Amino acid sequence: MRCALGRASGLRQGVVGGRPVQPRANHSGTVTSQVPFFFASDVTVDVDLSVLAQVALFGFFITILKPVLFDPLLKLFEEREKLTDGARATARSMDERAAELLSRFETEIEQVRREASLERDRLRAETAKLEAKMLDEAKADAARILTSGRAQIATEVETLRRELVASRPALAQQIASKLLGREVSS
């Protein structure tokens, strides 16, 4: 609040917050003024020598405490801010480095997956070729065994036919003997 009061020559009207204020003297000889306040009753402001003493003490303490307390505190705050900014910068660079490493890792993993996929496809193709080769060999072996078996069976059938042709007269005589119930000679 701004309060302009009279000089030594007399009391003058002051202005507070754009409103005129009438100064008046109280019974102790100090000058007071009625100041309207927002939503409150009138406030009485006493201006005397204690205000000057308080201002002088304030200036004295500021003069003494500034180099002893405030400057070191400000330096401490400044140092803390530098350290915080440094830590943030370090954290930011570490985040960037981690993102770069993660990107490189994902790229390498993708490359390894592609190589593994190619190797798996190559092994499947090789296995399919080997399987086809083994199947062809098995078919050839089966065909050879079948041909050999047929030839052996044909040989045995021919042998049995010759034996049967050779033993035909004896068999006919035996059959006739059994049918007639007597011995038949040829």
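In the numbering used here, the protein residues as written are 52 to 237. Where is the CB? At the ideal position from N, CA and C, for every residue including glycine. None of the values given here were measured: they were computed from a predicted structure.
Residue i - DSSP class collapsed to helix/strand/coil
i, result
"Asp187", "helix"
"Val238", "In the structure as shown, the chain starts at 52 and stops at 237, and residue 238 therefore has no counterpart that could be examined."
"Cys54", "In this predicted model, Cys54 has a pLDDT of only 46, less than 50, meaning its place in the structure is not dependable enough to derive any value."
Pair within 8 angstroms by beta-carbon distance, residue i and residue j
i, j, result
"Val216", "Ala227", "no"
Span of the alpha helix (DSSP H), counted from its first residue to its last, around residue i
i, result
"Arg219", "Arg219 to Leu231"
**Request:** Quick one: which unbroken alpha helix (DSSP H) runs of 4-plus residues sit fully inside the segment 90 to 171? Chain order, please.
**Result:** Entirely contained in the segment 90 to 171, the alpha helix (DSSP H) runs reaching 4 residues are, in chain order, 100 to 116.
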